[in-house]
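To get this note's numbering, take the position in the sequence shown, counting from 1, and add 112.
Just so you know, even glycine gets a beta-carbon here, dropped at the ideal spot from N, CA and C.
Quick notes on the structure that follows.
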Amino acid sequence: MKILVVSAHPDPASLTNALRDAAVAELRSDTHDVRVTDLYAIGWKCAVDRRDFPALPASERLRVPAASSAAFATGNLTKDVAAAQDDLLWADALILAFPLWWFSMPAILKGWIDRVYACGFAYGVGEHSETRWGDRYGEGTLAGKRAMLIVTAGGWPSHYGPRGINGPIEDLLFPIHHGVLFYPGYDVLPPFVVYRADRMDDATFGTTAAALKRRMRTLFETSPIPFRRQNGGDYAIPSMELRPQAVRADLTGFAAHIAMSDGKDC
Ligand code: FAD
């Protein structure tokens with residue numbers, strides 16, 4: 113199978129990159145075809161601006177969704193963005209490897225998503241009408257592919273547990289899992305999270321890398337997080353709210369968008 117690994121750490125010798133390399137080595141030894149994009153190494157341009165739309169007349173306002181849609185439709189995206197989209201289309205699975213910075217991904221990776229996820233490619237896909245709200249959340253350009261996060265975090269597991277002060281890790285990663293990956297169609301696998309990363313020693317690295325390698329060996333067998341599909345009948349259109357018959361009325365928040373979270377789907 114074909115796998116794209118995108119990593120975001122400024123230090124080539126970092127723990128995050130060492131784990132990325134362990135994952136890549138395991139995948140390659142398993143005969144997978146792997147491409148690696150190290151965003152710092154290639155000097156990825158992070159912020160969306162006018163230079164992303166060279167065909168946009170100087171006299172026109174920059175309305176990003178419209179400019180993005182036109183550039184995508186006419187083949188006028190910049191070369192780096194078009195190449196990254198080709199990589200995403202090529203790959204059967206996407207892995208994003210990054211340190212948790214301020215409860216999210218580093219800016220350079222967010223900037224990769226902002227620029228690569230063009231209108232018509234990752235959003236604004238499919239029919240938008242009174243009865244259909246596009247192909248997204250389980251459908252879309254990247255449907256049928258898998259995605260997974262490798263995340264290093266300074267905090268302890270308990271800090272990210274159900275009652276931990278930082279909030280549950282599932283909740284913190286929900287915007288990436290559900291909003292960035294499930295939205296354009298990916299089946300999203302449970303993340304590989306390394307806690308207390310700053311305290312990692314050689315022995316712990318060995319056991320952590322071994323656990324990560326095990327996850328790599330089951331990349332195409334692990335069950336995805338069962339997010340509810342937008343067009344699977346659980347949501348009313350156009351309000352996009354969960355129908356009462358789909359989920360218990362008192363179940364709200366992120367968990368409500370995961371099937372079987374209230375036992376109703378069993
Ligand atoms: P590194 O600094 O590269 O390495 C960590 C340790 O691993 C070092 O001691 C290193 O010697 C050791 N190590 C062991 N084996 C190896 C090996 N084979 N290769 C390399 N190193 C090895 N944490 C949170 O929990 N939540 C946050 O919101 C958060 N926000 C942050 C925001 C910023 C701006 C920053 C800078 C940090 C933040 N942190 C946060 C902490 C951050 O998540 C960790 O610092 C980071 O995940 C550690 O990973 P690293 O790859 O940078 O580790």
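Check	Outcome
Where the beta strand (DSSP E) through P211 begins and ends	205-211
Buried versus exposed call for D299 [16 or more other C-beta atoms within 10 Å across all chains shown]	buried
Closer than 6 angstroms: R309 CB and nearest ligand 1 heavy atom	Sequence check: residue 309 is Ala here, not Arg. Checking the Cβ of A309 against ligand 1 gives yes.
S126: CB within 6 angstroms of a non-hydrogen atom of ligand 1	yes
Proximity of T253 and V237 at Cβ, strictly below 7 angstroms	yes
C378, DSSP secondary structure in three states	Caution is warranted here: a pLDDT of 36 is assigned to C378, below 50, making its placement in the model unreliable, and the coordinate value is therefore given only provisionally. Coil, per DSSP.
Under 7 angstroms between C-beta atoms of I288 and P338	no
Local conformation of M260 per DSSP, three classes	strand
Closer than 6 angstroms: G232 CB and nearest ligand 1 heavy atom	no
Contact check, F294 vs Y235, beta carbons under 7 angstroms	no
M312 beta carbon near ligand 1 (any heavy atom closer than 6 angstroms)	yes
Beta carbon of G297 nearer than 7 angstroms to that of E251	yes
Segment limits, beta strand (DSSP E) that includes T149	145-150
For S141, the three-state DSSP class (helix, strand or coil)	helix
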